[in-house]
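Inspection log for the structure reproduced underneath, given as structure tokens.
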Amino acid sequence: MSRRVATGVRGLDTMLAGGLLPGTAVLVEGAPGTGKTTLGLQFLWEGATHGEPGLYLTFEEFPEDLYRDAAGFGWDWRQLESEGRLRTVFTSPEIALADLTTPGSPLLQDIHTLGIRRVVIDSAAHFREITVDPVELRRHYRVAVNALKREGVTTLLLDEDNQWIGGLAQAPHGLSFVVDSVIVLRHVEIESGIRQALFILKQRGSAHEREIRQYHITARGLEVEAAFRGREGILTGSPRRSVAQRAVDAFG
Amino acid sequence: MNEQALRPPTATRKLRAFRIAAAALALGLIGAWLLPHVRWPESWGYAVTQFACSLVAAVIFVIGIRAFAEHGNYRLLLLGLAFLSFGVLDLLHAISAPGDPTFLYVSGENLSLWFWACSRIVGSALLLLSVIVPSSRGRETDAGRHVGWWLLLAGGALVVIAFAVPLIATVAPSLWEPRRGLTTFKQALEAVAVLLQGVIAVAYLRLWQERRRDVLLVFALGMLSLALAGLAVIAQREFYDLPFWLGGAYRLIAYLCFAAGLWLLIRPAWRAPRGDERLRRGDG
């Protein structure tokens, strides 16, 4: 089996048949509050603490906010930045795109000098500010993904889903086709509460689990639990009890 | 989404219609070929009812086994196996009854009644077990991954019963004798089944009081009707006498109750309610 890139999320690596394939681009798509940023931070923290420096490319959130969020999980982001194991870059999508395609740009220099192996882009939605032309947008995605692949880094592209509960729309403008893997995070309503569901839509070049699993955002980051049992229609956002579950509720 | 967009393309629909027509034609041809070889039952109503009851039992068996496979709950396994026994042994009872179609056995009153007695005792005993084994509701186990072995075991046991009963019927006390009709031994076996079914009905009622699931109430009514059917059959002296038909009517009511229970289980999942409906009536 080829070497895998561990995400650091308990349970997710098992779903990914050991982890992500190195040098691939992964789309993490989810509604607000599903833990996309946490997953991105966790992915970089796991790498940085295991000899794989990481770069967090943010277009919206100030680095101070990220440091605070990371500290909430017990991750001293500043410390690892000072040790050259992590790097946070707050920029615009236009500049990032230009940097990725310009040899010797500050961004590529960082990647080379620090030996960056993992990158998180937060978020891919901001590329849609560059252009409204779907063909051009898809080209931008492809250029960014290919540039990072050339550097041999494993990239998480976080993308926003505006539908809070339910629905499963295709990521806009073919982004899901440009990337190698797609991880989907969802809110679901069960018994007057909101729970989180995760599934892997695709993983090029590797098998992966096809179950829809429940996950929690704990004090240690994301933790993937067992599949939703006894429920049907998880992706509608408001699952119902399955026939088997109803039978167990009555006779079991 | 537009409903029109959900419809399959015309070509796909045509292909589907062609396949259904071809399957219907094939079944018709097979039926026409089998027709001269089949001995038709003397009592159509009884035979058709028997097959309908076995169909209901088969659906309950499938749900029970699926619930066991998904949740590892042994009560559901036993419930499924109980209805498998009812379904299969009742069918064997039907096809071995005098004048009914014979495929496996030379039909006869005694043999048919032995299958009937086996069905009542084995099915009821399994159902009783299903209500007395400790409940594991809310505690998911992975026992369900052994479902294949359980099915193999149950299938094997039924095959053994299917071949052992004709042998037993020749050496064990007779359940029916010419000119005398049903024997005391047959009635004693029936009484045991009635007792078991009565206990199960009470157990379902107690579960219903605790859990308030309507399906338990209709299953309790179903078990009560089965017990009443057994009592009627105890009073029976001959095939097709009045208690025989009374027992049949009670059994029909019992299976209508089981079918209604199935409907209560299946309906909510089959017809997904809208969110506002769920809020109004509560899910489950």
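Chains as they are written, first to last, in this note's numbering: chain A, 1 to 252; chain B, 253 to 536. C-beta: ideal position from N, C-alpha, C; glycine also.
Please state if the CB of residue j and the CB of residue i are separated by a distance shorter than 8 Å.
i        : j        : result
A:Arg117 : A:Gly40  : no
A:Gly35  : A:Leu156 : no
A:Val243 : B:Ile518 : yes
B:Gly339 : B:Phe320 : no
A:Leu100 : A:Ala25  : no
A:Gly252 : B:Ser387 : yes
B:Leu379 : B:Leu457 : no
A:Asp122 : A:Thr236 : no
A:Arg241 : B:His323 : no
B:Met475 : B:Ala453 : yes
A:Leu27  : A:Arg4   : no
B:Ala479 : B:Gln449 : yes
A:Asp110 : A:Arg87  : yes
B:Val383 : B:Ala455 : yes
A:Leu97  : A:Val143 : yes
A:His216 : A:Glu209 : no
A:Pro93  : A:Glu64  : no
B:Val451 : B:Gly513 : no
B:Tyr507 : B:Val300 : no
B:Asp342 : B:Ser306 : yes
B:Ala406 : B:Leu333 : yes
A:Val178 : A:Tyr141 : yes
B:Thr435 : B:Trp428 : yes
A:Leu137 : A:Asp159 : no
B:Ala481 : B:Arg503 : yes
A:Val132 : B:Arg389 : no
Report the CB separation of residue i from residue j in whole angstroms; it is logged as a contact under 8 Å.
i        : j        : result
B:Ile373 : B:Ala487 : At roughly 19 Å, the Cβ-Cβ gap does not stay under 8 Å, so B:Ile373 and B:Ala487 are not in contact.
A:Gln214 : A:Ala226 : 7 Å
A:Arg220 : A:Phe73  : 6 Å
B:Val417 : B:Phe367 : 6 Å
A:Leu114 : A:Pro53  : 5 Å
B:Phe335 : B:Gly316 : 7 Å
B:Tyr326 : B:Val399 : 11 Å between Cβ atoms; not a contact.
A:Phe43  : A:Gly8   : 6 Å
A:Glu29  : A:Asp161 : 6 Å
A:Ile190 : A:Pro239 : 6 Å
A:Trp75  : A:Leu66  : In fact, because the Cβ distance is near 10 Å, the residues do not count as touching under 8 Å.
B:Ser371 : B:Ser426 : Incorrect: roughly 18 Å between the Cβ atoms, too far for contact.
A:Ala250 : B:Val467 : 5 Å
A:Thr154 : A:Gly23  : 6 Å
A:Thr91  : A:Leu57  : 7 Å
A:Ile234 : A:Ile212 : 5 Å
Per DSSP, residue i forms a beta bridge with which residues?
i        : result
A:Phe90  : A:Thr58
A:Arg195 : A:Val188
A:Arg231 : A:Arg241
A:His216 : A:Glu223
A:Asp159 : A:Glu29
A:Asp122 : A:Thr58, A:Leu158
A:Ile165 : A:His187
A:Ile200 : A:Ile183
B:Arg327 : The partner list for B:Arg327 (beta bridge, DSSP) is empty, contrary to what the question assumes.
A:Arg142 : DSSP lists no partner for A:Arg142.
B:Gly226 : The structure shown does not extend to residue 226 of chain B, since chain B spans only 253 to 536, so no value can be given for it.
A:Leu20  : A:Val5
A:Arg10  : A:Glu223
Please list the partners that residue i has in chain D, where partner means a Cβ-to-Cβ separation under 8 Å.
i        : result
B:Asn362 : Here chain D cannot be found, since the structure's protein chains are A and B.
Notebook entry, point to check: Taking contact to mean at least 3 C-beta pairs separated by less than 8 Å, is the segment 103-110 of chain A in contact with the segment 75-84 of chain A?
Noted result: no
Item checked: Against chain A: residues of the segment 382-401 of chain B by CB proximity under 9 Å -> Ser382, Val383, Ser387, Ser388, Arg389, Gly390, Glu392
Checklist line | Near-chain B residues of the segment 215-233 of chain A - C-beta to any C-beta below 9 Å | finding: Ala226, Arg229, Gly230, Glu232, Gly233
Note to self: If the cut-off is 7 Å on Cβ atoms, which residues from the segment 238-250 of chain A count as contacting chain B, listed in chain order?
What the structure shows: Ser238, Arg240, Arg241, Ser242, Val243, Ala244, Arg246, Ala247, Val248, Asp249, Ala250
Next item on the list: Would you check if the segment 432-440 of chain B and the segment 483-499 of chain B touch, i.e. whether three or more CB-CB distances between them fall below 8 Å?
Entry: yes
Margin query: Whether or not the segment 5-22 of chain A and the segment 187-203 of chain A are in contact is what I'm after, with contact meaning three or more pairs of Cβ atoms, one per stretch, closer than 8 Å; do they touch?
Written below: yes
Item checked: Touching by the beta-carbon criterion (3+ pairs, under 8 Å), the segment 452-471 of chain B and the segment 341-349 of chain B -> no
Checklist line | Given 8 Å, three or more beta-carbon pairs between the segment 413-432 of chain B and the segment 357-365 of chain B | finding: yes
Item checked: Under 7 Å (Cβ pairs) to chain B, residues found in the segment 193-211 of chain A -> none
Note to self: Closer than 8 Å between beta carbons: that is the criterion. Which residues of the segment 305-320 of chain B meet it against chain A?
What the structure shows: Ile315, Gly316, Arg318, Ala319
Notebook entry, point to check: Between the segment 462-492 of chain B and chain A, which residues of the former have CB atoms less than 9 Å from a CB of the latter, in chain order?
Noted result: Arg463, Arg465, Asp466, Val467, Leu468, Phe471
Checklist line | Selection of the segment 8-25 of chain A by Cβ proximity to chain B, strictly under 7 Å | finding: none
Checklist line | Cβ-based contacts, 7 Å cut-off: residues of the segment 325-347 of chain B near chain A | finding: Asn325, Arg327, Leu328, Leu331
Checklist line | Contact set between the segment 502-519 of chain B and chain A, restricted to residues whose Cβ is under 7 Å from the partner | finding: Leu517, Ile518
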